Every structure is written in C-alpha cells, then in structure tokens.
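If you count the sequence shown from 1, position 24 lands on 849 in my numbering, and the numbers rise without skipping. One structure below.
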Amino acid sequence: MAFASRFLSRSKQLQGSQIILHRDYAVPIRFFAKEAAPPALKGDEMLKNIFLEVKKKFETAIGVLRKEKITIDPDDPAAVAHYAKVMKSVREKADLFSESQRIQYTIQTRTQGIPDARTYLLTLKEIRVKRGLTDDLGAEAMMMDALEKVEKELKKPLMRNDKKGMALLMAEFDKINKKLGIRREDLPKYEEQLDLKIAKAELEELKKDCLDAMETVKKREEFKDEEMVDVKTLDIRNFL
826 MAFASRFLSR SKQLQGSQII LHRDYAVPIR FFAKEAAPPA LKGDEMLKNI FLEVKKKFET
886 AIGVLRKEKI TIDPDDPAAV AHYAKVMKSV REKADLFSES QRIQYTIQTR TQGIPDARTY
946 LLTLKEIRVK RGLTDDLGAE AMMMDALEKV EKELKKPLMR NDKKGMALLM AEFDKINKKL
1006 GIRREDLPKY EEQLDLKIAK AELEELKKDC LDAMETVKKR EEFKDEEMVD VKTLDIRNFL
C-alpha cells in the first residue's frame, strides 16, 4: 500500500496528460464548444465568451466526476455499465454531444450541399472509416446495390432533390433494414450499445494510461523495490 499512497500523491503531475485529460474521457474542447459564439461578437469578446463557456462545461463535468467512484476494470460489465452511466450524466449536465450526436453532426456538416445520392453514400462510408466504425452487417454494400437498382430504373444518376427517385431508394433501404432486423424504434437500444462499447474502449485506454504512468514512476530510485498496485483499486477522484 506504500506504493499506492505515494503513487497517488506523486501522480498529480500526471493528471494533465496521462490520466484526467484522457483523449475521450475529458472530451476534446471542440465538443465543449457545442455551438459557436454569436456572429455579432468580434475579436477578444468572442474568444472570451467561448473560453467562459468551455470553462463552465469543464467545471460541470469535473463536478460530476468528483461525486462518482469509477472502477477501472474494462473486463467487468458492471464497471463498464457504471462508467457509461457516469459519462452520460456528464454529457447531459455539461450539455455535451454523445457519440451518436457527434456522428450525426459530422454527417450533417460533411454532406451539406452534396447534390447526388452516390456521393452522399460514399461520404457516409468515409466518415465511418475515419471514426473507426465497422460495417459488420455489410449494410453499405447493400445500400450501394439498392442505389444501382434505382438508378438503373431511372436511367440516370439519382439526385437528392429528386423526390420520386429518393422515395424509391428509401423503399429499398426499408427492405434492407427489415432484412437486417433493424427497426427505428430500436435506435435508443443501438445508441446504448454504442455507449457501452465506447465505455469499454475508454476504460481499456485509461487502464493502459495508468499502467504506463505507474511503470514510469516505478523506474525512479525511491520506487524500484515496491509492488505496483492493481488499477482497479485506484480512485480517479484523487487526481481531480
């Protein structure tokens, strides 16, 4: 336990890079700034307002984390579920995007102005790949096949402002969803599954960060003969 207490006291210096400001755990600043400052503001005034908004969201998030005990155990479903619940509370109270909302926002901004359905679908694929998401069901290939079918019937490229053509494509997509067992009413369940998957991945990375930090500290002369603690016993509230 000596190493644990000394590690915790020394690790204040690590909170910025390896523990607390974890890539997704702390949420990048661009997600704190959920909406841009009003366009009427200029220069320093706009920067000041953005800074104050980010500061407020950050303090709100830290306030939630200070009240919750998070167990760094990505292999324990209960720990993963609790972590996901805490992070959901952080997002709701600090008014941050969820992962699905980030994806939706990215799609809206990246596809705005795309005139044709083919480029739109290819852009969706690009977004998926860049975000590291997998298409385990093969839905993308099915959607492209559906587009090919509709365009063959129309005898021209399908434009997104073609209401009749898009209705035909949506009907084909409905068939794909039915085949894959995807229902609109199940979307909240899919979002919950995504949150759990992300929570597990973040706990795995947080665990790795903790182990790396302890390995670094253990290389110091005063720690070389002491045993490393189990990361599951660490309380991240001590680093806040």
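C-beta atoms are modelled at their ideal positions from N, C-alpha and C, and glycine is treated no differently. Owing to the predicted nature of the structure, the values given are computational and were not obtained by experimental measurement.
query                                                                                                                                                       : result
Can you give me the Cβ contacts of residue 941 inside the same chain, cut-off strictly under 6 Å, excluding the 5 residues immediately before and after it? : 982 and 984
Let me check understanding here. Comparing Cα to Cα, which of 1057, 1022, 1056 and 1047 lies closest to residue 906?                                        : 1022
When the distance is taken between beta carbons, is residue 1029 closer than 7 Å to residue 899?                                                            : yes
Roughly how many angstroms lie between the CA atoms of residue 912 and residue 1007, to the nearest whole one?                                              : 26 Å
In this structure, does DSSP put residue 967 in helix, strand or coil?                                                                                      : helix
Just to confirm the assignment, what range does the alpha helix (DSSP H) spanning residue 1046 have?                                                        : Neither: residue 1046 is in no alpha helix (DSSP H) and is coded neither H nor E.
Helix, strand or coil for residue 1055, going by three-state DSSP, please let me know.                                                                      : coil
Find the nearest neighbour of residue 925 within the set 903, 953 and 1037, judged by alpha-carbon distance.                                                : 953
Alpha carbon to alpha carbon, how far is residue 1020 from residue 903? Give it in angstroms, no decimals.                                                  : 14 Å
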